[in-house]
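Trainee: Chains as they are written, first to last, in the working numbering: chain U, 15 to 117; chain L, 1175 to 1341; chain E, 74 to 560.
The C-beta atom is built at its ideal place from N, Cα and C for all residues, glycine as well.
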Amino acid sequence: MSLTPGLHHFLVVSALLFSLGLLGVLARRNLLVIYMGLELMLNAANLALVAFSRFNANLNGQVMVFFIITVAAAEVAVGLALIVALYRKRQSAHVEDLTSLKL
Amino acid sequence: MPALTDLLFYGFAGLALLFGFLCVANPLSRNPVTSAMFLVLTICSLAGLFVLLNAFFLAAVQVLVYAGAVMVLFLFVIMLLDLKEEERRKLNKVALGAGTVAVAVIAGILIRAVTSAKPAADKLVEGTTKPLGRILFTEYLLPFEILSLLLLVAMVGVILLSKKELK
Amino acid sequence: MTNGDYYQLLKLLAPEWTVVGTVLAILFADLQFWRNRSVAWRSAGAASILSLGFAAAAGLLIWKRAVTADLLGGTLVLSPTSQYVKLALLGLAIVTAWLCTEGEFTKHVGEFVALIALATAGMMFLVSTENLLMVFVALELVSLSLYVMTAFNKRSPRSAEAALKYFLFGGMAAAFTLFGFSFLYGLTGSIHLPTIAAKISWHAGDPLTLVAIVLVVAGFGFKIAAVPFHLWAPDAYEGAPAPAAAFIASGSKVASFFVLGKLLSVGLPGVGGSGAWKAFSPGWLAVVAILATASMIFGNLAALAQSSLRRLLAYSAIAHAGYALLAIIGGSQPALLYYAITYAVTSVGIFGVVAVVENRTGNEDIAGLAGLRERSFLLSVALSVFVLSLAGVPPLAGFFGKFYAFAAAAKLGSSLGYWWLVALALGASCVSLFYYLQVLKQVWVAPVPEGQGKVAGGWVVSILLALLALAVLVTGAAPELLIRFLK
């Protein structure tokens, strides 16, 4: 790998970011932080798409990112509403407290 | 003598990964507010990378929608729920170790895979408003319209879910 | 794109717009006119509007059934098959909407029925596209509606928990799918499935292609609840209101299987590899074969241990996802669609019976069905037909579906390559007989519990359940009736 940033450099950043997000989802216990991990994973996909868009020389990837950002915003709203609804019932936002359903 | 853009890449990429790490695995704080703040910084660094990739419009959207709207929503919910710092519960060390190893393996596989990618063209496209808008309202008109249904679902759903059930 | 193209788009999508118009009509009527009515009245009213609107949409579909179109970079691809699948989706949605009249799980029943219609619109878009972007957007429309529907029972804390679990797993699935999509785009420079197919075969065997395939299949594995991505299913089935669970088990399955089959056969035909015995080579056939094996084994074994009827159905759904994957491996679209549609009809029927019984008795266990023969003959017969169909007993639809799917897989490859998978599926089906018969034993043999009266659903639901049972019987006895539409 040369030092001048090319496609590979961006993709490696994206892969690392995806893994960090996955780590957050698997290791953290607070629902909100788990959800932030998911956002990191989505952002990693966005970065990969923009990088591919730049190096494939067409705009499809960027359009896709535009849609992902919009969908993610709607999804965040629904997800946070779910967390609020659950908190009203349980007074907790921890995964371990989701006990009444078996994993 | 490396060019300025090269330095900027390493700067933004390093910051994005550092802040991303601090967001999910901050060794000093378990407070969700701290995580949220680091997520904002990660997203802003990514916007910097988008600019380096000529995706100017997306960089702006990323900051406006993600760092602006989405993160405000996160912070709002954290404040609403008045979450205390995540208690230092007994961590299952074995599970944590296994998880970390699994993620490290996945990261290794992903990196091995992405470094085999080949750039297809060296032509430059600029992700400015005009070409993006044109493609959005011609080729991708249908998904664009469907997004409005998606927002309707989110609107109806969020109002119903977060409303208190009146007795 | 000219104005004429926009007009054509409007015309081709008339059924979809009718569905969206139905959504608005339901929301408006519920908000404007029915605020002071009882919940039972409003749910029946909303279900009626939905039935009328969907009947109109179905009429439009039948009228224009011979349509073929490929517009806007593959975002809209219509074929007679896709139109018939949409018809099936509309029918499933109508039954689901009427299930809302059984049991009061929410006061906001108008919004719930509207969400059913919105999810249906998403599924209709999902089955008529060959573009990754459109697949993603339509899939998210379906998923978001289903998450919200799952959480709708605000009196039960289990509902919100189930929805959250479903949501977190679904979000992860979306992230996986997208990362996979981004690799496919990177490899080929396109998000149009036939273009991807034309370009990707050159890259077969390189790690990026393989990782992309694994990520995409994993993401869809969540949707169809294949092991090891099934963890949300038992909880979602158990905690969701009955109509939501019915729709997750039926409409969402049909659409997801259709689009997964299309993605793999239209988008990635050149990189299948092989899952044949002693001839494993990397590719999606191998990945799907592994998922199918795990789902069939784990789903059936876990179902044996269940005492809750809904959890049993969830694990049975996991096992059935494994069987349906065999049809994908076999590369036979009619087999896959026949299997998915008859399975969906059966599940929506079972959830109908479950909704009626739970509503009247409040008991969610298999034991709650004890002596159902005396308490409602219609429900007993209907439930028996559905359960036997799931078990794969001839001449019901489940038998022929399995036969068709297994035969498709068995025919593939030279020298009996996939017989190991088919043998496994047959063995798993035999194991499954055991827990299905447990359910029937409660219905027909177990003594009627003391102090339990008759059980009866509303007349519309009763008629619909009888029709569904009849459909399972007829399509099983004369499969050609359904299959000729799916070719």
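Using a Cβ-Cβ distance under 8 Å, would E:S155 count as near chain L?
Mentor: Position 82 of the third sequence, counting from 1, holds the residue named residue 155 of chain E. Not an interface residue.
Trainee: Say whether the region 59-68 of chain U touches the region 1218-1232 of chain L, bearing in mind that this needs 3 or more beta-carbon pairs closer than 8 Å, one atom from each stretch.
Mentor: Yes: the two stretches touch, three or more of their Cβ pairs being nearer than 8 Å.
Trainee: Which residue from E:Y80, E:V430 and E:A87 puts its Cα closest to that of E:F198?
Mentor: As a working note, residue 198 of chain E is residue 125 in the third sequence. Answer by Cα proximity: E:A87.
Trainee: In this structure, what does DSSP give as the bridge partners for E:L149?
Mentor: Walking along the third sequence from the start, residue 149 of chain E turns up at place 76. Answer is E:L144, bridged to E:L149.
Trainee: How about L:V1288: is its C-beta nearer than 8 Å to some C-beta of chain E?
Mentor: Counting from one through the second sequence, the residue named residue 1288 of chain L turns up at place 114. Yes, its Cβ sits closer than 8 Å to a Cβ of chain E.
Trainee: Cβ of L:R1286 versus every heavy atom of the ligand MN: is any distance shorter than 7 Å?
Mentor: In the structure on display, the ligand MN does not appear, and there are no ligands present to speak of.
Trainee: Look at the alpha carbon of U:V27 and the alpha carbon of E:S338, and state the distance between them as a whole number of angstroms.
Mentor: Start at 1 with the first residue of the first sequence, and residue 27 of chain U comes out as number 13. Start at 1 with the first residue of the third sequence, and residue 338 of chain E comes out as number 265. Distance between the alpha carbons of U:V27 and E:S338: 32 Å.
Trainee: Between E:G253 and the rest of its own chain, which residues show a CB-CB distance below 7 Å, the 5 nearest in sequence each way excluded?
Mentor: By one-based count along the third sequence, residue 253 of chain E stands at place 180. So the list reads A285, L288, V289 and G292, once near-sequence residues are dropped.
Trainee: Could you work out which residues of chain E lie near U:F32, taking near to mean beta carbons separated by less than 9 Å?
Mentor: Numbered from 1 along the first sequence, position 18 holds the residue referred to as residue 32 of chain U. Per Cβ cutoff of 9 Å: A248 and F252.
Trainee: Please name the residue in E:S505, E:V547, E:V430 and E:K514 whose C-alpha comes closest to that of E:E175.
Mentor: For the purposes of this step, residue 175 of chain E is taken as the residue at position 102 of the third sequence. When only C-alpha atoms are compared, the closest one is E:V430.
Trainee: According to a CB-to-CB cut-off of less than 8 Å, which residues of the region 300-332 of chain E neighbour chain L?
Mentor: Residues: none.
Trainee: Quick one: Cα of E:F476 to Cα of L:A1281, how far?
Mentor: Numbered from its first residue, the third sequence carries residue 476 of chain E at position 403. Numbered from its first residue, the second sequence carries residue 1281 of chain L at position 107. So the two alpha carbons sit approximately 41 Å from each other.
Trainee: Mind reading off the beta-carbon distance from U:A86 to U:L46? Whole number of angstroms is fine, and I expect it under 8 Å.
Mentor: To locate residue 86 of chain U, count along the first sequence from 1; it is residue 72. To locate residue 46 of chain U, count along the first sequence from 1; it is residue 32. Wrong, their Cβ atoms sit about 15 Å apart, outside the cutoff.
Trainee: What span of residues does the alpha helix (DSSP H) with E:E175 cover, start to end?
Mentor: By one-based count along the third sequence, residue 175 of chain E stands at place 102. Careful: E:E175 lies outside any alpha helix (DSSP H) and carries neither H nor E.
Trainee: Short check: CB of E:S389 to CB of E:S505, under 8 Å?
Mentor: Here residue 389 of chain E is taken as the residue at index 316 of the third sequence, counted from 1. Here residue 505 of chain E is taken as the residue at index 432 of the third sequence, counted from 1. Yes, the pair counts as a contact, with Cβ atoms nearer than the cut-off.
Trainee: I need the straight-line Cα distance from E:L219 to E:M245, nearest angstrom please.
Mentor: For the purposes of this step, residue 219 of chain E is identified with residue 146 of the third sequence, where counting begins at 1. For the purposes of this step, residue 245 of chain E is identified with residue 172 of the third sequence, where counting begins at 1. In a straight line, the C-alpha of E:L219 is about 16 Å away from that of E:M245.
Trainee: What does the Cβ neighbour count give for L:P1201, buried or exposed, with the cut at 16 atoms within 10 Å?
Mentor: Stepping through the second sequence from its first residue, residue 1201 of chain L is reached at position 27. By the neighbour-count rule (16 or more Cβ atoms within 10 Å), L:P1201 is not buried but exposed.
Trainee: Determine, for L:Y1314, whether the minimum Cβ-Cβ distance to residues of chain E falls below 8 Å.
Mentor: In the second sequence, residue 1314 of chain L corresponds to position 140, counting from 1. So yes, L:Y1314 belongs to the interface.
Trainee: Just to make sure I have the definition right: I need the residues of chain L whose C-beta is within less than 7 Å of the C-beta of U:A91. Which are they?
Mentor: Along the first sequence, one-based indexing puts residue 91 of chain U at 77. Residues of chain L passing the Cβ test: L1247, A1328 and V1332.
Trainee: Quick check on L:L1321 - is its C-beta less than 8 Å from some C-beta in chain E?
Mentor: In the second sequence, residue 1321 of chain L corresponds to position 147, counting from 1. Chain E, which has a Cβ nearer than 8 Å to the Cβ of L:L1321, makes this yes.
Trainee: Helix or strand or just coil, what does DSSP make of E:D279?
Mentor: In the third sequence, counting from the first residue as 1, residue 279 of chain E sits at position 206. Of the three classes helix, strand and coil, the one that applies to E:D279 here is coil, per DSSP.
Trainee: Determine, using beta carbons only, whether U:F24 comes closer than 8 Å to chain E.
Mentor: Locating residue 24 of chain U in the first sequence gives position 10, where the first residue counts as 1. Answer no: the Cβ-Cβ gap between U:F24 and chain E never drops below 8 Å.
Trainee: With DSSP collapsed to three states, give me the class of L:D1256.
Mentor: In the second sequence, residue 1256 of chain L corresponds to position 82, counting from 1. Coil, per DSSP.
Trainee: Against L:L1284, what residues of chain E qualify as contacts under a CB-to-CB distance less than 7 Å, listed in chain order?
Mentor: To locate residue 1284 of chain L, count along the second sequence from 1; it is residue 110. Ordered by position in chain E, the residues that pass the 7 Å Cβ test against L:L1284 are V284.
Trainee: Of the choices E:D279, E:L133, E:A117 and E:S263, whose alpha-carbon is the least far from that of L:I1283?
Mentor: Taking the second sequence and counting its residues from 1, the one referred to as residue 1283 of chain L is at position 109. For the residues E:D279, E:L133, E:A117 and E:S263, the minimum Cα distance to L:I1283 belongs to E:D279.
Trainee: Would you say U:A87 reaches chain E, if we count a Cβ-Cβ gap shorter than 8 Å as a contact?
Mentor: Position 73 of the first sequence, counting from 1, holds the residue named residue 87 of chain U. False, the Cβ-Cβ gap to chain E never drops below 8 Å.
Trainee: Extract the residue ranges of the alpha helix (DSSP H) inside the region 450-482 of chain E, only unbroken runs of 4 or more that lie entirely within it.
Mentor: You should have 450-464.
Trainee: Identify whether E:S368 lies in helix, strand or coil by the three-state DSSP scheme.
Mentor: Position 295 of the third sequence, counted from the start, is the residue given in the question as residue 368 of chain E. E:S368 falls in the helix class under three-state DSSP.
Trainee: Let me know if E:L468 comes out buried or exposed under the rule of 16 or more other beta-carbons within 10 Å of its beta-carbon.
Mentor: Reading the third sequence from its first residue, position 395 is the one you call residue 468 of chain E. Sequence inspection shows Pro at residue 468 of chain E; the Leu mentioned does not correspond to that position. Answer is exposed; the Cβ neighbour count stays below 16.
Trainee: Which residue comes first and which comes last in the alpha helix (DSSP H) that contains E:Y396?
Mentor: Looking up residue 396 of chain E in the third sequence gives position 323. L382 to G403 is the extent of the alpha helix (DSSP H) around E:Y396.
Trainee: Taking 6 Å as the limit between beta carbons, can you name the residues of its chain near U:L115, skipping five residues before and five after?
Mentor: Indexing the first sequence from 1 puts residue 115 of chain U at position 101. No answer about U:L115 holds up, because its pLDDT of 47 lies below 50 and its placement is not dependable.
Trainee: Helix, strand or coil: which one does DSSP assign to E:S354?
Mentor: Position 281 of the third sequence, counting from 1, holds the residue named residue 354 of chain E. Strand, per DSSP.
Trainee: Is L:K1297 close to chain U, meaning its C-beta is less than 8 Å from at least one C-beta of that chain?
Mentor: Here the question's residue 1297 of chain L lines up with position 123 in the second sequence. Chain U contact via Cβ: present.
Trainee: List, in chain order, every chain U residue whose beta-carbon is nearer than 9 Å to that of E:Y258.
Mentor: The count along the third sequence starts at 1 and reaches residue 258 of chain E at position 185. Those within 9 Å of E:Y258 in chain U are A62, L63, F66, S67, N70, N74, G75 and M78.
Trainee: From the DSSP output, in three-state form, read off E:N109 for me.
Mentor: Within the third sequence, the letter at position 36 stands for residue 109 of chain E. Residue state, collapsed to three classes: coil.
Trainee: Closer than 9 Å, Cβ to Cβ, to anything on chain L: give me those residues from the region 215-231 of chain E, in chain order.
Mentor: Those would be L217, S218, Y220, V221, M222, A224, F225, K227 and R228, in chain order.
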